[in-house]
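Remarks on the structure that follows.
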Amino acid sequence: MFKNCLLIGFGGALGSIARYAISLLTKKYWKMSFPLGTFMTNMIGCFLIGLLIAYLQKNSNDALKLLFITGFCGGFTTFSSFSGENIELIQNNQIGISLLYIMGSIAIGLVATWLGILFIKG
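Residue numbers (this note's numbering): 45 to 166.
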């Protein structure tokens, strides 16, 4: 139990740091009202979890699942930020941007997860 918590915590810390780095980079280089950092993080996270699911189905390893899927991906993906940003967009009467963000995140996220699985399965 303690070992599992350490694996999840370590992976989660790395995922959170990676998410923060993407947020900083997108804010520095892309000036727009669309929340690109969170969008990119969610899409990368969906693709990555697809890769990991497919790989770890072939090579079952509970420790790696805890470290990378539960820990890293759990700390990396940001759907709580996604929800908060959409509320902010809606409150600022940016309904079109909010709808684009919601639909794009869901559609591209599903496709990215599917592509991640296909990438590993060949």
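Beta carbons: idealized from backbone N, C-alpha and C, even for Gly.
Asked: Identify whether F120 lies in helix, strand or coil by the three-state DSSP scheme.; Found: helix
Asked: Please state the DSSP three-state secondary structure of W158.; Found: helix
Asked: Quick check: T114 and G55, are their CB atoms within less than 8 Å of each other?; Found: yes
Asked: Provide the residue span of the alpha helix (DSSP H) that contains T70, from first to last.; Found: 46-73
Asked: State yes or no: is the C-beta of G89 within less than 8 Å of the C-beta of S67?; Found: no
Asked: Please classify F112: is it buried, with 16 or more other beta-carbons within 10 angstroms of its beta-carbon, or exposed?; Found: buried
Asked: Assuming contact is defined by CB atoms lying nearer than 8 Å, are I134 and S125 in contact in what I supplied?; Found: no
Asked: Does DSSP classify M147 as helix, strand or coil?; Found: helix
Asked: Quick check: what's the CA-CA separation for N136 versus K72?; Found: 22 Å
Asked: On the criterion of 16 or more Cβ atoms from any shown chain inside 10 Å, does E132 qualify as buried, or is it exposed?; Found: exposed
Asked: Could you tell me if S149 is buried or exposed, where buried requires 16 or more neighbouring beta carbons within 10 angstroms of its beta carbon?; Found: buried
Asked: Can you have a look at L162 and say buried or exposed, based on whether 16 or more other CB atoms are within 10 angstroms of its CB?; Found: exposed
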